[in-house]
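In structure tokens, the structure reads:
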């Protein structure tokens, strides 16, 4: 599919720029579509019953983080050649994934980080 889009734009001037923009839009749209479908699945799980229910709900932020990380890696590899920029995009995607996920998970992670910084250092 991506090769088809690149071949479609290949005859234009500025083809590289247009291909990159179209690729980024396509990858972003597909990521948000998959996350939307995943959120619908999670809503159905919340209404359900069973011992697997809590395990699935606990795993949801991890899936969101993986999706946003893959999105940021794809955009970073298209736009930038620098690994530092890609690393910053992955860290930003972690913040976005935690924001899109459970607030309780983000609060637990932040409180765990705060507790580790409040402990006195041993000399």
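In our numbering, the protein residues as written are 301 to 423.
Beta carbons: idealized from backbone N, C-alpha and C, even for Gly.
Nothing here was measured: the structure is a model prediction, and the numbers come from that model.
Separation of residue 343 from residue 352, as counted between CA atoms | 14 Å
Do you know how far the Cα of residue 348 is from the Cα of residue 375?
-> 36 Å
Near residue 334, what residues of its chain come up, given a Cβ to Cβ distance below 7 Å and the 5 sequence neighbours on each side ignored?
-> 367
What do you reckon, are the CB atoms on residue 327 and residue 371 nearer than 8 Å?
-> yes
Would the beta-carbon of residue 357 fall within 8 Å of that of residue 346?
-> yes
Neighbour-count burial assignment, residue 319, 16 or more Cβ in a 10 Å radius = buried
Please classify residue 245: does DSSP put it in a helix, a strand, or coil?
-> With the chain running from 301 to 423 in the structure shown, residue 245 is simply not present.
What do you get for residue 416, buried or exposed, if any count of 16 or more other CB atoms within 10 angstroms of its CB means buried?
-> Its pLDDT being 44, under 50, residue 416 is placed unreliably by the model, and nothing is read from it.
Exposed or buried, residue 329, counting other C-beta atoms within 10 Å across all chains shown (16 or more means buried)?
-> exposed
Assigned secondary structure, residue 351 (DSSP; H/G/I helix, E/B strand, else coil) = coil
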